[in-house]
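Residue 0 is where the sequence shown starts when you use numbering that gives the first Met the number 0, and the numbers rise one by one after that.
Cβ atoms here follow ideal geometry from the backbone N, Cα and C, with glycine treated the same way.
Notes for the one structure printed next.
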Amino acid sequence: MKKAEIVFIPSSGIGHLIPTIHFAKTLQSHTHAHAHLSITILTLPTPSPNSPIPPGLTDSVLPRFRFIQLTSTDLVHRTLSGLIAESAHNSVPLAALVVDMFTTEFVHVACQLGLPSYVYYTSGASMLRLALKCPTLDSEIDSDFIDHEPGEFDIPSFRNSVPVVAVPSVIWRKGGDHYAWFIDHSRRLEEAKGIIVNSFYDLEPYAIDSLRVYSAGPVLDLVGRVADADNDKIMKWLDKQPARSVVFLCFGSKGTFEAAQAKEVARGLERSGYRFLWAVRPTNGSTRLEELVHDGFLERTVERGLVVCGGWVPQVAVLSHGSVGCFVSHCGWNSILESVWFGVPILTWPMHAEQRLNAFLLVKELGLSVELKGYHRVADELITADEVERGLKSVMEGEWDEVRKRVGEMKEKSRRAVVEGGSSFESMKRFIEDLIGGQ
């Protein structure tokens with residue numbers, strides 16, 4: 000059995016640290032028959048530099064798993080040099096540096112130290128292919144992308160042409176605040192020795208066939224956060240609901256609503272007559288539900304609805320519950336993987352970043368979702384109560400039974416991907432063998 004150490008550098012912030020931990024644990028757990036892997040995670044300073052790693056986050060990590068908190072990004076080179084020297088002393092070679100999709104600037108540091116580098120890409124393979132294509136598009140297209148005619152791109156990972164409005168808005172205009180940053184990161188992806196993507200072959204075959212990547216997905220946190228009183232209330236409420244009767248609305252940690260939009264959602268929910276669990280994050284920080292929904296909504300729907308305002312909803316536990324029949328989602332990649340894993344169809348409501356592209360993939364390419372808010376709608380465009388009601392009925396009343404069937408089939412494929420013989424299992428086996436030099 001060969002020993003080796005892998006160092007990870009996720010972007011700053013808990014939202015990037017958690018996926019890195021889950022992937023590192025998945026990788027380490029996979030290797031018992033092949034290698035004895037040690038994991039070191041270098042955590043970068045956050046906007047609150049004195050914030051420690053949250054209690055409980057590291058409690059369930061495996062042996063040979065450590066964290067080194069850096070007070071400055073300038074310390075990365077020195078720290079890696081020290082780890083290389085340490086590995087030579089203890090006869091456990093440092094096999095690779097793994098950065099995430101937003102810390103690619105450290106690829107050149109690894110190169111300076113003679114260390115192989117890899118990128119763990121937490122979005123889908125289709126988004127990765129677009130990112131890799133963007134530097135070429137930048138040189139070929141003189142105008143802003145949003146003004147490009149005929150208003151669509153041919154991206155190798157998509158069967159259909161991709162509308163410009165479906166790509167992340169950060170690259171719509173070349174003079175935008177983050178355009179150069181995105182193009183720079185996209186170029187550096189090519190400089191790494193390899194890329195690991197949190198997807199699986201049956202979900203994105205066209206994209207994965209167009210790339211040289213290791214597919215690892217779905218990499219998920221199926222345990223979730225430690226239970227608390229609010230979570231207990233939610234799960235007890237779900238226990239009382241009939242099978243597949245509940246509409247679950249959750250838009251991620253950054254998915255906030257102005258009062259006008261919240262009122263339209265509330266009206267649509269009330270008119271639909273369906274049971275619902277709605278996680279609301281208001282933009283103004285208010286946690287008073289009465290400020291967000293129309294008069295009397297909470298009282299009139301108290302027997303069939305539960306609204307959680309400003310708090311955290313245990314999404315994995317909710318999606319795994321048999322009472323949930325539909326997921327109204329912002330189409331964040333992790334939420335997509337979770338919905339597929341549990342076989343819950345999505346009504347798309349993309350908001351930020353690559354979520355429009357994800358919605359386009361789900362609806363137009365894969366036929367796994369139904370549009371509520373289409374990928375072509377701008378972020379602040381009001382979705383009316385009528386649209387909400389129609390969207391819910393299209394899924395809950397059987398109009399889209401074929402979509403539900405396909406989601407159920409993809410659920411089984413997602414689970415087969417990560418067991419021995421599955422596409423992601425074998426891909427990770429190949430990655431480990433590439434790291435340690437084979438058997």
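| Query | Result |
| --- | --- |
| Contact check, residue 114 vs residue 127, beta carbons under 8 Å | no |
| Cβ-based burial, residue 252 [other Cβ within 10 Å; buried from 16] | exposed |
| Integer-rounded CB distance, given that residue 315 should sit under 8 Å from residue 337 | 6 Å |
| C-beta contact flag for residue 192 and residue 116 at 8 Å | yes |
| Where residue 95 sits in the DSSP three-state scheme | strand |
| Cβ contact check for the region 201-215 and the region 265-274: 3 or more pairs under 8 Å | no |
| Nearest to residue 345 (by Cα), restricted to the options 351, 330 and 429 | 330 |
| Neighbourhood of residue 473 by C-beta, 7 Å cutoff - its chain only, sequence neighbours within 5 removed | Any property of residue 473 remains undetermined from this structure, which presents the chain solely from 0 to 438. |
| Cβ distance (whole Å) where residue 275 is taken to contact residue 304 below 8 Å | 5 Å |
| Contact set for residue 181: own chain, Cβ-Cβ below 6 Å, skip 5 residues either direction | 169 and 170 |
| Contact under 8 Å by Cβ, residue 157 with residue 364 | yes |
| Residues that DSSP places opposite residue 119 in a beta bridge | 99 and 195 |
| Coil, strand or helix - residue 170 by DSSP | helix |
| In DSSP terms, what residue 347 is bridged to | 328 and 370 |
| Proximity below 8 Å, CB of residue 359 to CB of residue 179 | no |
| One or two residues paired with residue 35 in a DSSP bridge | 2 |
| Status (buried if at least 16 other CB within 10 Å, exposed otherwise) for residue 313 | buried |
| Distance CB(residue 212)-CB(residue 194) smaller than 8 Å | yes |
| Own chain residues within Cβ distance below 6 Å of residue 187, not counting five before or after | 103 and 106 |
| DSSP three-state assignment for residue 300, whether helix, strand or coil | coil |
| Delimiting residues of the alpha helix (DSSP H) encompassing residue 394 | 384-395 |
| Same chain, Cβ closer than 6 Å to residue 22, neighbours up to 5 away in sequence not counted | 119 and 218 |
| N-terminal and C-terminal residue of the alpha helix (DSSP H) that residue 405 is part of | 400-416 |
| Segment limits, beta strand (DSSP E) that includes residue 68 | 64-68 |
| Contact set for residue 390: own chain, Cβ-Cβ below 6 Å, skip 5 residues either direction | 346 and 371 |
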